[in-house]
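Note that the working numbering has the sequence shown beginning at 0, numbered continuously upward.
Here a beta-carbon is modelled for each residue, glycine too, at the ideal position from N, C-alpha and C.
Note that the coordinates shown come from a computational prediction; the quantities given were computed from them, not determined experimentally.
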Amino acid sequence: MPKDLERDLGLPSVVAISIGAMVGSGIFILPALAVKEAGAGVVLAYLFAGVLVLPAALSKAEMATAMPEAGGTYVYIERSMGPLLGTIAGVGTWFSLSFKGALALVGGVPYLLLLFDLPVRPVAIALAALLVVINVVGAEQTGRLQVGIVAVMLAAMAWFVVGGGPAVETAAYDGLWSYGAEGIFAATGLVFVSYAGVTKISSVAEEIEDPDRVIPLAMLGSLAFTTLLYVLIVAVIVGVVPLETVAGSSTPVADAADATLGVAGVGAVVLAALLALVSTANAGILSASRYPFAMARDALAPSRLSEVSDRFTTPVNAITLTGGVMLILIAFVPILEIAKLASAFKILVFALINVALVGFRESDTAVYDPSFESPLYPWTQVFGALTGFALLTQMGAVAIVGAAVITAGSTLWYLWYVRRRVSREGAIRESMRQSVGQEAVERTETALDDSLDETVLVALPEDADRESERTLLELASTLCSEDGRVAAVQFDEVPDQTPLRYASSVQTGSDVAFERRTDELSAGVDARVEYAELVSHHPARAVANAAADVDADLLLVDRDATFGDGRLRRDVDRIRKRTDCDTLAVQTHDLDDVAAVTLVATRGPYDPTKVRVGAAIADATGASLRLVYPLPERSSTEQRHVLEAYHADLVAACSVPTEATFTPPTGLSAAVSMPDAETNIVLHGRNGGLTAGLSRQERATRAVIDDSDHATITVHSGGESARPLRRVLDRLAF
Numbered sequence: 000m001p002k003d004l005e006r007d008l009g010l011p012s013v014v015a016i017s018i019g020a021m022v023g024s025g026i027f028i029l030p031a032l033a034v035k036e037a038g039a040g041v042v043l044a045y046l047f048a049g050v051l052v053l054p055a056a057l058s059k060a061e062m063a064t065a066m067p068e069a070g071g072t073y074v075y076i077e078r079s080m081g082p083l084l085g086t087i088a089g090v091g092t093w094f095s096l097s098f099k100g101a102l103a104l105v106g107g108v109p110y111l112l113l114l115f116d117l118p119v120r121p122v123a124i125a126l127a128a129l130l131v132v133i134n135v136v137g138a139e140q141t142g143r144l145q146v147g148i149v150a151v152m153l154a155a156m157a158w159f160v161v162g163g164g165p166a167v168e169t170a171a172y173d174g175l176w177s178y179g180a181e182g183i184f185a186a187t188g189l190v191f192v193s194y195a196g197v198t199k200i201s202s203v204a205e206e207i208e209d210p211d212r213v214i215p216l217a218m219l220g221s222l223a224f225t226t227l228l229y230v231l232i233v234a235v236i237v238g239v240v241p242l243e244t245v246a247g248s249s250t251p252v253a254d255a256a257d258a259t260l261g262v263a264g265v266g267a268v269v270l271a272a273l274l275a276l277v278s279t280a281n282a283g284i285l286s287a288s289r290y291p292f293a294m295a296r297d298a299l300a301p302s303r304l305s306e307v308s309d310r311f312t313t314p315v316n317a318i319t320l321t322g323g324v325m326l327i328l329i330a331f332v333p334i335l336e337i338a339k340l341a342s343a344f345k346i347l348v349f350a351l352i353n354v355a356l357v358g359f360r361e362s363d364t365a366v367y368d369p370s371f372e373s374p375l376y377p378w379t380q381v382f383g384a385l386t387g388f389a390l391l392t393q394m395g396a397v398a399i400v401g402a403a404v405i406t407a408g409s410t411l412w413y414l415w416y417v418r419r420r421v422s423r424e425g426a427i428r429e430s431m432r433q434s435v436g437q438e439a440v441e442r443t444e445t446a447l448d449d450s451l452d453e454t455v456l457v458a459l460p461e462d463a464d465r466e467s468e469r470t471l472l473e474l475a476s477t478l479c480s481e482d483g484r485v486a487a488v489q490f491d492e493v494p495d496q497t498p499l500r501y502a503s504s505v506q507t508g509s510d511v512a513f514e515r516r517t518d519e520l521s522a523g524v525d526a527r528v529e530y531a532e533l534v535s536h537h538p539a540r541a542v543a544n545a546a547a548d549v550d551a552d553l554l555l556v557d558r559d560a561t562f563g564d565g566r567l568r569r570d571v572d573r574i575r576k577r578t579d580c581d582t583l584a585v586q587t588h589d590l591d592d593v594a595a596v597t598l599v600a601t602r603g604p605y606d607p608t609k610v611r612v613g614a615a616i617a618d619a620t621g622a623s624l625r626l627v628y629p630l631p632e633r634s635s636t637e638q639r640h641v642l643e644a645y646h647a648d649l650v651a652a653c654s655v656p657t658e659a660t661f662t663p664p665t666g667l668s669a670a671v672s673m674p675d676a677e678t679n680i681v682l683h684g685r686n687g688g689l690t691a692g693l694s695r696q697e698r699a700t701r702a703v704i705d706d707s708d709h710a711t712i713t714v715h716s717g718g719e720s721a722r723p724l725r726r727v728l729d730r731l732a733f
């Protein structure tokens, strides 16, 4: 049985982790880069970035109180959007935090060089190794270390703000909008990552005491405090140091301290910078290591990463792996560019966090019961998602491509490792399936209420036989309303060189036989039957035109008949595309001896037309109605529950005896079969358009039906091409 993590992080430790994760490279390094984008407007950029990260913080705070588990972002996105996006979020955020932690250590070197002449990478590697050991020893020690680091750091930064404030030249802020809104927005995207640490609290939620109270307080409190601190620090920098000096500096905070507080101030800033950057790396290891830990517990990563040490009660393997990645990055990789790429991915993840919350709120999942709720739902989340995607566009082509590469790599990992081990689904897909299923039931109920057609066109080739026409007329009569009519039309093909006017004036022996036969057959059905012959050079086109001329609601053709060139199945597709009416391609069968009408789904809900036709046939013949749904054996529990509810609603909607059956695709043939093949009619459907491509399951399903000995009716719903989006949603949901 897997071990749980000990809850020993109180409010001070959690606030310290969050502040320590934020106050690092974001304020000690990025102001110089952001000034190049926005000038004095960098002050507004830090303020706007704090506001724009608020929706993600609120969303994460809510989800963390509902699911106080290690893994944070990964857990929420995986539970809401499913294993694929969960894998992308988990792998991407893990890399992002590891990159940022390594950047924090290497980025502190310019401040360190103000006091000491030391080699850059060896010191950074030593600090990283020390932090890995501290994290292995325990989260409680990590939290205590973080409290101490943040306390000293904030004291130094408070002195910087208070001591530098009187020296500020207010005229320096006259150019706040000199670079325009576009420049400030670009700078906002650049410094957005400075606030990324606010949500790291959720990644250690499983180790937090009283998470319902501590998580929202710590997350929102640390964000408000850090936003104010950032704005004040940047305001001092801009107010005491010329912008051109700031833009060319690698230590902008130290430069401002030198101008206002002298040597002692520079020393305090250097100490604060080093502590801040070390705390960023420490918080990075702590939170980043929980992503592979949580993913392993969910089978999205090797199980060894979920092991908890008996001695230290920490995920040693996950911490060691994360620390190893950081050490490699520090030793061999130009970390600044990689960290910028990871920052772009973090913005993307923040946008997805807002979408994930919407998924949980709109689903009926019982596991989601937060004690804190984000205010102004869903507008807060919509604002956060839209601004997040907008900020992503400001990160540059290289960063966007880098995020795409991380996404692609995570997707490949999912396809190679995860998909065959995990079958669960996210709340969004479950909610979408429930919504699509309910809508499909409502469409079916409407179709059943209007189950009979006013005009049914029976299209017959010139060589149609008596049994074929009898079956089509009986079926048309069954599906025709009491006041409706059946139009039986024989389509005669003539060569292109024969004038149609001449051909229509000549009555052939086939025409005479058709009229005599139809007279006799129409006497045996209940509907009013009208008949005619129609000559054409292209019978398939003529059928479509005739359907429009008689305003047909339903078109019936013999599946095994041929119109001229002998390619009826292709002709049926041509006819369907040219008409708005429903089309049935019927394998002729004696309707007097039907024990069951079987409806087979391929992918997606049952077509309402298929259900109403099947129910009408079953009602007219006294047969039972069977709903057969091929369901893969590895289908998720959520999928099965939703499908069971959907089928229960369909059974209740049908007025004839109805039963529903789930079967693995491999068992479809046995599920469709009846003791006597001649007593079973099978209805299935074929669609075109955006969803014309068939999965292996659909091809196998249709092969079973086409090769069976049962009489079959292929249902083509009219106007399908006008509803491609709905059909795509149906297939995605089911």
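**Asked** So what does DSSP say about Phe-490, is it helix, strand or coil?
**Response** What you label residue 490 is simply residue 491 of the sequence shown in a count that begins at 1. Reduced to three states, the DSSP call for Phe-490 is strand.
**Contact check, Ser-467 vs Asp-557, beta carbons under 8 Å** = By one-based count along the sequence shown, residue 467 stands at place 468. By one-based count along the sequence shown, residue 557 stands at place 558. For the pair Ser-467 and Asp-557, the CB atoms are nearer than the 8 Å cut-off.
**Prompt:** For the alpha helix (DSSP H) that contains Ala-595, what are its first and last residues?
**Reply:** In the sequence shown, residue 595 corresponds to position 596, counting from 1. Taken as a continuous stretch (DSSP letters only), Ala-595 belongs to no alpha helix (DSSP H), being part of the beta strand (DSSP E) at 595-599.
**CA-to-CA distance, Ala-543 to Arg-575, given in whole angstroms** = Taking the first residue of the sequence shown as position 1, residue 575 is located at position 576. Taking the first residue of the sequence shown as position 1, residue 543 is located at position 544. Linking Arg-575 to Ala-543 through their CA atoms gives a straight-line distance of about 8 Å.
**Asked** Which two residues bound the contiguous beta strand (DSSP E) that contains Ser-623?
**Response** Translated into positions along the sequence shown, residue 623 becomes position 624. For Ser-623, the enclosing beta strand (DSSP E) begins and ends at 623-629.
**Prompt:** Does the Cβ-Cβ distance between Leu-414 and Ile-16 come in under 8 Å?
**Reply:** On the sequence shown, position 415 is the one that residue 414 refers to. On the sequence shown, position 17 is the one that residue 16 refers to. No, Cβ-Cβ distance for Leu-414 and Ile-16 is not below 8 Å.
**Alpha carbon of Pro-663 to alpha carbon of Val-650, nearest angstrom** = Residue mapping note: residue 663 aligns to position 664 of the sequence shown, counting from 1. Residue mapping note: residue 650 aligns to position 651 of the sequence shown, counting from 1. Rounded to whole angstroms, the gap between the alpha carbons of Pro-663 and Val-650 is 20 Å.
**Asked** If you count every other CB in all the chains shown that lies within 10 Å of the CB of Asp-254, and 16 or more means buried, which is it?
**Response** Position 255 of the sequence shown, counted from the first residue, corresponds to residue 254. Buried, by the Cβ-count rule.
**Asked** Around the Cβ of Ser-476, are there at least 16 other Cβ atoms within 10 angstroms (buried) or fewer (exposed)?
**Response** Residue numbering aside, residue 476 sits at position 477 when the sequence shown is read from its first letter. So Ser-476 counts as buried.
**Message:** Just list the residues that DSSP pairs Asn-679 with in beta bridges.
**Reply:** Here the question's residue 679 lines up with position 680 in the sequence shown. Answer is Ala-595, bridged to Asn-679.
**Message:** Here's the rule: buried if 16 or more other CB atoms are within 10 angstroms of the residue's CB, otherwise exposed. What is Thr-321?
**Reply:** As a working mapping, residue 321 is identified with position 322 in the sequence shown. Buried, since its Cβ has 16 or more Cβ neighbours within 10 Å.
**Prompt:** Helix, strand or coil: which one does DSSP assign to Arg-469?
**Reply:** Along the sequence shown, one-based indexing puts residue 469 at 470. Here Arg-469 carries a helix assignment [DSSP, helix/strand/coil].
**Request:** Take every Cβ of the segment 83-91, pair it with every Cβ of the segment 222-235, and state whether three or more of those distances are shorter than 8 Å.
**Result:** Fewer than three Cβ pairs drawn from the segment 83-91 and the segment 222-235 lie within less than 8 Å of each other, which leaves the two stretches out of contact.
**Request:** Return yes when the Cβ of Ala-545 is within less than 8 Å of the Cβ of Pro-533, no when it is not.
**Result:** Here residue 533 is taken as the residue at index 534 of the sequence shown, counted from 1. Here residue 545 is taken as the residue at index 546 of the sequence shown, counted from 1. For clarity, residue 533 is Leu in the given sequence; the question names Pro instead. Yes.
**Item:** Pair within 8 Å by beta-carbon distance, Gln-489 and Ala-463
**Value:** Your numbering for residue 489 matches position 490 in the sequence shown. Your numbering for residue 463 matches position 464 in the sequence shown. Yes.
**Message:** Below 8 Å, how does it come out for the segment 503-514 and the segment 418-432: are there three or more Cβ pairs, yes or no?
**Reply:** No, they do not touch.
**Request:** Return the first residue and the last residue of the alpha helix (DSSP H) that Ser-79 is part of.
**Result:** For the purposes of this step, residue 79 is taken as residue 80 along the sequence shown, with counting starting at 1. Note, Ser-79: alpha helix (DSSP H), 72-80.
**Request:** Please classify Leu-554: does DSSP put it in a helix, a strand, or coil?
**Result:** The residue given as residue 554 occupies position 555 in the sequence shown. Reduced to three states, the DSSP call for Leu-554 is strand.
**Prompt:** Does DSSP put Leu-114 in a helix, a strand or coil?
**Reply:** Numbered from 1 along the sequence shown, position 115 holds the residue referred to as residue 114. Leu-114 falls in the coil class under three-state DSSP.
**Asked** Going straight from the alpha carbon of Leu-630 to that of Val-233, what length do you get?
**Response** Counted from its first residue, the sequence shown places residue 630 at position 631. Counted from its first residue, the sequence shown places residue 233 at position 234. If I take the Cα positions, the gap works out to 59 Å.
**Message:** Considering only their Cβ atoms, is the gap separating Val-681 from Val-671 smaller than 8 Å?
**Reply:** Counting from one through the sequence shown, the residue named residue 671 turns up at place 672. Counting from one through the sequence shown, the residue named residue 681 turns up at place 682. Going by C-beta atoms, Val-671 is nearer than 8 Å to Val-681.
**Request:** Whole angstroms is fine: what's the gap from Leu-567's alpha carbon to Tyr-75's?
**Result:** Taking the first residue of the sequence shown as 1, we reach residue 567 at position 568. Taking the first residue of the sequence shown as 1, we reach residue 75 at position 76. For Leu-567, the predicted model reports a pLDDT of 44, less than 50, meaning its position is unreliable and no value from the coordinates is stated.
**Request:** Indicate the three-state DSSP secondary structure (helix, strand or coil) for Pro-460 in the structure shown.
**Result:** Within the sequence shown, numbered from 1, the residue matching residue 460 stands at position 461. Strand at Pro-460.
**Asked** When burial is assigned at 16 or more other CB atoms within 10 Å of the CB, is Thr-665 buried or exposed?
**Response** Here residue 665 is taken as the residue at index 666 of the sequence shown, counted from 1. Thr-665 should be labelled exposed.
**Message:** Within the continuous beta strand (DSSP E) that includes Ala-522, where are the two ends?
**Reply:** The sequence position of residue 522 within the sequence shown is 523, counting from 1. Segment: none, Ala-522 is in no beta strand (DSSP E) and carries neither H nor E.
**Item:** Pair within 8 Å by beta-carbon distance, Ala-31 and Pro-251
**Value:** The residue given as residue 31 occupies position 32 in the sequence shown. The residue given as residue 251 occupies position 252 in the sequence shown. In this structure, Pro-251 lies closer than 8 Å to Ala-31 by Cβ.
**Prompt:** From Val-417 to Leu-411, what distance separates their C-alpha atoms?
**Reply:** To locate residue 417, count along the sequence shown from 1; it is residue 418. To locate residue 411, count along the sequence shown from 1; it is residue 412. If you take the alpha carbons of Val-417 and Leu-411, they lie about 9 Å apart.
**Cβ-based burial, Ile-28 [other Cβ within 10 Å; buried from 16]** = Counted from its first residue, the sequence shown places residue 28 at position 29. With 16 or more other CB atoms across the displayed protein chains lying within 10 angstroms of its CB, Ile-28 is buried.
**Request:** Look up Phe-661 in the DSSP assignment and give the residues it is bridged to.
**Result:** Taking the sequence shown and counting its residues from 1, one reaches residue 661 at position 662. Under DSSP, Phe-661 takes part in a beta bridge, and its partners are Tyr-628.
**Prompt:** What is the rounded straight-line gap between the Cα of Ala-36 and the Cα of Ser-302?
**Reply:** The residue given as residue 36 occupies position 37 in the sequence shown. The residue given as residue 302 occupies position 303 in the sequence shown. As written in the sequence, residue 36 is Glu, which differs from the Ala given in the question. Computed Cα separation, rounded: 45 Å.
**Prompt:** Looking at Ala-39 and Leu-242, is the spacing between their C-beta atoms short of 8 Å?
**Reply:** Residue 242 sits at position 243 when you count from the first residue of the sequence shown. Residue 39 sits at position 40 when you count from the first residue of the sequence shown. Judged by their CB atoms, Leu-242 and Ala-39 are nearer to each other than the 8 Å cut-off.
**Request:** In angstroms with no decimal places, state the Cα-to-Cα distance between Leu-222 and Ala-195.
**Result:** For the purposes of this step, residue 222 is identified with residue 223 of the sequence shown, where counting begins at 1. For the purposes of this step, residue 195 is identified with residue 196 of the sequence shown, where counting begins at 1. When the Cα atoms are used, Leu-222 and Ala-195 turn out to be separated by approximately 10 Å.
**Beta bridge counterpart(s) of Tyr-530 as assigned by DSSP** = Within the sequence shown, the letter at position 531 stands for residue 530. When beta bridges are read from the DSSP output, Tyr-530 appears opposite Ala-487.
**Request:** Output yes if chain C places a C-beta closer than 8 Å to the C-beta of His-683; else output no.
**Result:** Absent from the structure: chain C. Only one protein chain is present.
**Pick from Val-549, Arg-120 and Met-62 that is closest to Gln-380, judged by C-alpha positions** = Here residue 380 is taken as the residue at index 381 of the sequence shown, counted from 1. Distance check between Gln-380 and each of Val-549, Arg-120 and Met-62 places Met-62 closest, using alpha-carbon atoms only.
**Asked** Which two residues bound the contiguous alpha helix (DSSP H) that contains Ile-124?
**Response** Residue 124 sits at position 125 when you count from the first residue of the sequence shown. Residues 119-136.
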